[in-house]
Ligand SMILES: Nc1ncnc2c1ncn2[C@@H]1O[C@H](COP(=O)(O)OP(=O)(O)OP(=O)(O)O)[C@@H](O)[C@H]1O
Ligand SMILES: [Mg+2]
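Numbering (our numbering), first residue to last: 211 to 681.
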């Protein structure tokens with residue numbers, strides 16, 4: 211249900227409690243004209259009976275009527291108050307009375323006599339505020355569910371290392387820089403850190419630094435005062451302020467201009483700033499998590515990123531390896547996405563055929579987990595059976611053949627060229643190191659037989675203490 215539905219649609223049910231029948235009927239008619247469903251009663255007891263029977267989005271009541279039957283009965287009932295907005299009206303009232311009514315839980319107080327236009331506007335506003343409150347609670351809850359470490363799938367050594375690191379740093383206030391190619395899960399990790407930290411009850415605010423440039427990004431981050439620049443017709447609260455006591459996630463930080471970097475550095479050092487066009491100093495306590503899919507060290511060398519800012523944001527570095535470097539996670543991820551999309555698309559697809567799993571493991575995945583997720587969504591949508599088989603995934607090959615998804619070369623050839631012999635030696639040594647010098651495992655990784663591996667080791671004259679020990 212959208213705000214508009216609630217404000218003007220059939221969904222809005224209003225109960226009016228007023229003993230002055232002429233005014234009550236006029237008010238009810240005006241509200242019905244705005245498409246609300248309106249019930250009217252003239253005393254608190256009848257109101258109580260109706261409220262116990264059906265639900266209303268809004269109760270417009272004369273204070274004396276509710277007070278007559280113990281107006282606290284209503285405001286004391288959490289169940290009613292959480293779903294019903296209470297707006298009270300009375301003839302003349304002192305400021306103290308109004309304050310007491312509002313403190314007790316009423317959303318607004320309207321003094322009599324009122325104009326119908328004003329009344330309708332105030333009721334709509336009260337309904338909108340309540341709607342946004344519900345929406346916020348719902349979204350916070352949803353995000354809490356989306357950004358959970360449990361949702362981060364992976365059992366490869368590389369991912370286990372990331373988990374171990376995150377477990378140690380999530381509770382601290384340390385600034386974290388998450389690096390990794392596109393689609394490796396940087397945002398998911400940033401959210402999971404926030405929602406598992408002591409700041410979880412406060413906001414997780416995301417700013418995409420690549421989407422906005424200079425003035426706009428600065429106004430987004432720090433806010434602005436009315437008239438700060440042409441077009442700034444209202445004051446704006448920036449993302450830093452919104453993230454106070456929560457977490458500010460600076461996505462694609464490598465795209466920030468040098469001028470904005472200088473301002474950001476000052477805020478990070480001093481934990482205070484001014485809105486654009488303002489002179490009031492605002493203090494903030496926001497944890498900073500940044501992410502970049504660019505190599506920041508390289509951008510620093512090129513002079514496009516400040517080294518001092520890099521050290522500030524990179525107290526802890528979390529690197530998310532590309533999917534092709536943790537191929538063992540591919541079937542796990544694929545199976546979890548199959549379950550998710552099968553449920554969403556109401557299909558009975560449940561498993562991944564081993565041959566299909568191997569096929570997925572061979573793909574290069576330049577778009578990483580996001581690309582795998584999209585690929586599984588497409589496969590689940592198209593598949594007829596309860597299992598995803600290789601033929602459901604052949605479109606991946608097509609993508610490769612068209613050259614859109616050409617695998618990157620494994621390494622770049624230096625200008626002076628490369629000696630094949632040296633290359634082979636270094637390939638074998640590095641693979642052996644990665645396999646803890648177990649020749650059998652290195653042979654599997656290189657796709658050669660154990661016998662050929664043994665021959666190469668002898669030919670290259672390689673030796674390792676481990677082999678001697680095992681003799
Ligand atoms: N390990 C994982 N387990 C489950 N889902 C994942 C994992 N990693 C990423 N995803 C999912 O893949 C998608 C892309 O992840 P995310 O947006 O966090 O990536 P990113 O690194 O921020 O990408 P980009 O650089 O393009 O912004 C999201 O839907 C996310 O939920
Ligand atoms: Mg992202």
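Each residue gets a CB set at the ideal place from its N, CA and C atoms; glycine is no exception. Since the model is a prediction, treat every value here as computed from it, not as a measurement.
(request) Flag this pair as yes or no: are the beta carbons of residue 482 and residue 473 separated by less than 9 Å? (result) Numbered from its first residue, the chain shown carries residue 482 at position 272. Numbered from its first residue, the chain shown carries residue 473 at position 263. In this structure, residue 473 does not lie closer than 9 Å to residue 482 by Cβ.
(request) Under 6 Å Cβ to Cβ from residue 300, same chain only, skipping five residues before and after it: list those, please. (result) Counted from its first residue, the chain shown places residue 300 at position 90. Only 273 meet the Cβ criterion.
(request) Tell me whether residue 451 is buried or exposed, calling it buried when 16 or more other Cβ atoms sit within 10 Å of its Cβ. (result) What you label residue 451 is simply residue 241 of the chain shown in a count that begins at 1. Residue 451 is buried by the Cβ-count criterion.
(message) Between the alpha carbons of residue 606 and residue 463, how many angstroms are there, rounded?
(response) To locate residue 606, count along the chain shown from 1; it is residue 396. To locate residue 463, count along the chain shown from 1; it is residue 253. If you take the alpha carbons of residue 606 and residue 463, they lie about 32 Å apart.
(message) ligand 2 and residue 397: does any heavy atom of the ligand fall closer than 8 Å to the residue's C-beta?
(response) Along the chain shown, read from residue 1 onward, the residue named residue 397 stands at position 187. Within the cutoff, so yes.
(message) On the criterion of 16 or more Cβ atoms from any shown chain inside 10 Å, does residue 655 qualify as buried, or is it exposed?
(response) In the chain shown, the residue the question calls residue 655 occupies position 445. Label assigned to residue 655: exposed.
(request) Could you tell me if residue 380 is buried or exposed, where buried requires 16 or more neighbouring beta carbons within 10 angstroms of its beta carbon? (result) Residue mapping note: residue 380 aligns to position 170 of the chain shown, counting from 1. Result: buried.
(request) Give the range of the alpha helix (DSSP H) segment to which residue 473 is assigned. (result) To locate residue 473, count along the chain shown from 1; it is residue 263. Counting along the chain, the alpha helix (DSSP H) containing residue 473 begins and ends at 468 to 480.
(request) Name the residue from 661, 580, 555 whose alpha carbon lies nearest to the alpha carbon of residue 362. (result) Position 152 of the chain shown, counted from the start, is the residue given in the question as residue 362. Comparing Cα positions, the closest option is 580.
(message) Measuring only from the beta carbon, is residue 501 closer than 8 Å to any heavy atom that is part of ligand 2?
(response) Residue numbering aside, residue 501 sits at position 291 when the chain shown is read from its first letter. Checking the Cβ of residue 501 against ligand 2 gives yes.
(request) Could you name each continuous beta strand (DSSP E) segment of 3 residues or more that falls completely within the stretch 415 to 501, going from the start of the chain to the end? (result) 457 to 461, 482 to 484, 491 to 493
(request) Look at the Cβ atom of residue 499, then the Cβ atom of residue 404, and state whether they are nearer than 9 Å. (result) Residue numbering aside, residue 499 sits at position 289 when the chain shown is read from its first letter. Residue numbering aside, residue 404 sits at position 194 when the chain shown is read from its first letter. Cβ atoms of residue 499 and residue 404: closer than 9 Å.
(request) Assign residue 448 to one of two classes, buried (16 or more other C-beta atoms within 10 Å of its C-beta) or exposed (fewer than that). (result) Numbered from 1 along the chain shown, position 238 holds the residue referred to as residue 448. Residue 448 should be labelled buried.
(request) Could you pull out every residue in the same chain whose Cβ sits closer than 6 Å to the Cβ of residue 269, ignoring the five residues on either side in sequence? (result) Here residue 269 corresponds to residue number 59 of the chain shown, with the count starting at 1. 225, 294, 296.
(request) Pull up the distance between the alpha-carbon of residue 647 and that of residue 399, whole angstroms please. (result) The sequence position of residue 647 within the chain shown is 437, counting from 1. The sequence position of residue 399 within the chain shown is 189, counting from 1. Computed Cα separation, rounded: 34 Å.
(message) For a test of your reading of the model: does the CB of residue 538 fall under 8 Å from any non-hydrogen atom of ligand 1? Yes or no.
(response) On the chain shown, position 328 is the one that residue 538 refers to. The answer is no for residue 538.
(request) May I have the straight-line CA-CA distance separating residue 216 from residue 222, to the nearest angstrom? (result) Along the chain shown, read from residue 1 onward, the residue named residue 216 stands at position 6. Along the chain shown, read from residue 1 onward, the residue named residue 222 stands at position 12. Its pLDDT being 38, under 50, residue 216 is placed unreliably by the model, and nothing is read from it.
(request) State the CB to CB distance for the pair residue 420 and residue 465, rounded to an integer number of angstroms; the pair is presumed to be in contact (CB under 8 Å). (result) Here residue 420 is taken as the residue at index 210 of the chain shown, counted from 1. Here residue 465 is taken as the residue at index 255 of the chain shown, counted from 1. Confirmed, Cβ separation roughly 4 Å.
(request) Could you give the DSSP three-state label for residue 363: helix, strand or coil? (result) Residue mapping note: residue 363 aligns to position 153 of the chain shown, counting from 1. The answer is coil: DSSP assigns residue 363 none of H, G, I, E or B.
(request) Assign residue 663 to one of two classes, buried (16 or more other C-beta atoms within 10 Å of its C-beta) or exposed (fewer than that). (result) Position 453 of the chain shown holds residue 663. Per the 10 Å Cβ criterion, buried.
(message) According to DSSP, simplified to helix, strand and coil, what is residue 505?
(response) One-based indexing of the chain shown puts residue 505 at position 295. Residue 505 falls in the coil class under three-state DSSP.
(request) Assign residue 364 to one of two classes, buried (16 or more other C-beta atoms within 10 Å of its C-beta) or exposed (fewer than that). (result) In the chain shown, residue 364 corresponds to position 154, counting from 1. It counts as buried.
(request) Quick one: grab the DSSP three-state call for residue 340. (result) Walking along the chain shown from the start, residue 340 turns up at place 130. DSSP places residue 340 in helix when its eight states are reduced to three.
(message) Going residue by residue through the stretch 222 to 262, where are the continuous beta strand (DSSP E) segments of at least 3 residues, counting only ones entirely within it?
(response) 223 to 227, 247 to 251
(message) Between 537, 539, 583, 594, which has its C-alpha nearest residue 559's C-alpha?
(response) The residue given as residue 559 occupies position 349 in the chain shown. With distances taken between Cα atoms, residue 559 lies closest to 594.
(message) Could you check whether the Cβ of residue 362 sits closer than 8 Å to any heavy atom belonging to ligand 1?
(response) Mapped onto the chain shown, residue 362 falls at position 152. Checking the Cβ of residue 362 against ligand 1 gives yes.
(request) Express the C-alpha separation of residue 252 and residue 228 in angstroms, rounding to a whole number. (result) Numbered from its first residue, the chain shown carries residue 228 at position 18. Numbered from its first residue, the chain shown carries residue 252 at position 42. Distance between the alpha carbons of residue 228 and residue 252: 5 Å.
(request) Could you please give the first and the last residue of the uninterrupted alpha helix (DSSP H) stretch that includes residue 390? (result) Reading the chain shown from its first residue, position 180 is the one you call residue 390. Run containing residue 390: none in the alpha helix (DSSP H); it sits in the beta strand (DSSP E), 386 to 390.
(request) Could you tell me the distance, in whole angstroms, from the CA atom of residue 263 to the CA atom of residue 234? (result) On the chain shown, position 53 is the one that residue 263 refers to. On the chain shown, position 24 is the one that residue 234 refers to. Computed Cα separation, rounded: 21 Å.
(request) Could you tell me if residue 439 is buried or exposed, where buried requires 16 or more neighbouring beta carbons within 10 angstroms of its beta carbon? (result) Start at 1 with the first residue of the chain shown, and residue 439 comes out as number 229. Classification for residue 439: exposed.
(request) Can you give me the Cβ contacts of residue 446 inside the same chain, cut-off strictly under 8 Å, excluding the 5 residues immediately before and after it? (result) Translated into positions along the chain shown, residue 446 becomes position 236. Cβ within range, chain order: 429, 433, 434, 485.
(request) Within its chain, find whatever has a CB closer than 7 Å to the CB of residue 238; leave out the 5 residues flanking it on each side and keep chain order. (result) Against the chain shown, residue 238 aligns to sequence position 28. Counting only Cβ-Cβ distances below 7 Å, and skipping sequence neighbours, we find 226, 248, 250.
(request) Tell me whether the beta-carbon of residue 544 lies closer than 9 Å to the beta-carbon of residue 598. (result) Here residue 544 is taken as the residue at index 334 of the chain shown, counted from 1. Here residue 598 is taken as the residue at index 388 of the chain shown, counted from 1. Cβ atoms of residue 544 and residue 598: closer than 9 Å.
(message) For a test of your reading of the model: does the CB of residue 393 fall under 8 Å from any non-hydrogen atom of ligand 1? Yes or no.
(response) Locating residue 393 in the chain shown gives position 183, where the first residue counts as 1. Residue 393 Cβ: within cutoff of ligand 1.
(request) Only counting runs of 4 or more residues, tell me where the alpha helix (DSSP H) segments fall wholly within the stretch 519 to 563, in order along the chain. (result) 539 to 554
(message) Assuming contact is defined by CB atoms lying nearer than 9 Å, are residue 527 and residue 393 in contact in what I supplied?
(response) One-based indexing of the chain shown puts residue 527 at position 317. One-based indexing of the chain shown puts residue 393 at position 183. It is not a contact, given that the beta carbons lie outside the stated cut-off.
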